[in-house]
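For the sequence shown, full-length UniProt numbering gives the first residue as 1, with consecutive numbering after it.
Don't be surprised by glycine CBs; every beta carbon is placed ideally from N, CA and C.
What follows is a single structure, written as structure tokens, with notes after it.
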Amino acid sequence: MGLSMFSEIKNIVEARKRVCHLLETLKDSFLLSEGSSGGYAKMHDVVRDVAIYIASEGKHVFMVSHDVNSEEFPRRTSYEPYSHMSIVTKGFNDLPKPIFCPRLEFLMLKFIEKPNKLQHDYFIGMSKLNVLTLRRDRYKDSIFLFPHRFRGCQICGRYL
């Protein structure tokens with residue numbers, strides 16, 4: 001699995017060279033293409049879905065949901081098998097309800113249009129969460145309600 005792919009790299013320069021080499025290899029194999037603006041690459045939906053399927057066969061189970069709304073996510077209160085989740089939405093009508101994800105290590109939430117606040121207990125069921133990415137939202141009111149264990153984390157360049 002790619003999570004240990006860079007374990008032997010000692011500094012950021014080596015890591016950058018390795019990533020650039022991997023990106024060029026993927027482009028040469030037509031698994032990625034140049035993005036519309038510089039510094040970006042595009043992946044076809046089918047390639048992304050196959051990559052998620054292959055990656056989810058091991059101990060890590062991925063969920064990637066884009067353009068979801070309040071009715072689609074969360075559909076249930078427990079997402080036990082997932083270790084990585086990426087949720088992109090235009091916004092929810094109501095506050096997103098807390099979900100139980102005991103194996104979740106990585107969570108990315110991106111709100112495209114409507115900023116949303118998070119309930120004070122949103123992260124309670126995510127005891128193994130190591131990486132939290134909150135994108136394009138104003139969380140000023142929610143930040144102070146995050147569980148104490150997130151106080152030393154960095155969210156999009158701002159420390160809690």
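For residue 52, report the span of its beta strand (DSSP E) as first-last.
No beta strand (DSSP E) contains residue 52, which is instead part of the alpha helix (DSSP H) from 45-55.
Alpha carbon to alpha carbon, what distance is there between residue 40 and residue 30?
15 Å
Within this structure, are the beta carbons of residue 105 and residue 90 separated by less than 8 Å?
no
Can you list, in chain order, the residues of its chain with a C-beta nearer than 7 Å to that of residue 35? Leave out the 5 residues immediately preceding and following it.
41 and 42
Report buried or exposed for residue 99, applying the criterion of at least 16 other Cβ atoms within 10 angstroms of its Cβ.
It is buried - the Cβ of residue 99 has at least 16 other Cβ atoms within 10 Å.
Buried or exposed, going by whether 16 or more other CB atoms sit within 10 Å of the CB of residue 20?
exposed
Let me confirm a value: residue 66 is counted as buried when at least 16 other C-beta atoms fall within 10 Å, else exposed. Which label applies?
exposed
Taking buried to mean at least 16 other C-beta atoms within 10 Å of its own C-beta, is residue 109 buried or exposed?
buried
Looking only at C-alpha atoms, which of 63, 120 and 131 sits nearest to residue 49?
63
Closer than 6 Å by C-beta to residue 7: which residues in its own chain qualify, once you throw out the five before and the five after it? Chain order, please.
Nothing listed; no residue qualifies.
CA-CA distance, residue 101 and residue 13?
35 Å
Go through its chain and collect everything with a Cβ distance to residue 131's Cβ below 6 Å, but skip five positions before and after it.
106
Under DSSP, the beta strand (DSSP E) around residue 88 begins and ends at which residues?
84-89
Can you tell me which of the three DSSP states residue 131 falls into?
strand
Look at the alpha carbon of residue 95 and the alpha carbon of residue 122, and state the distance between them as a whole number of angstroms.
10 Å
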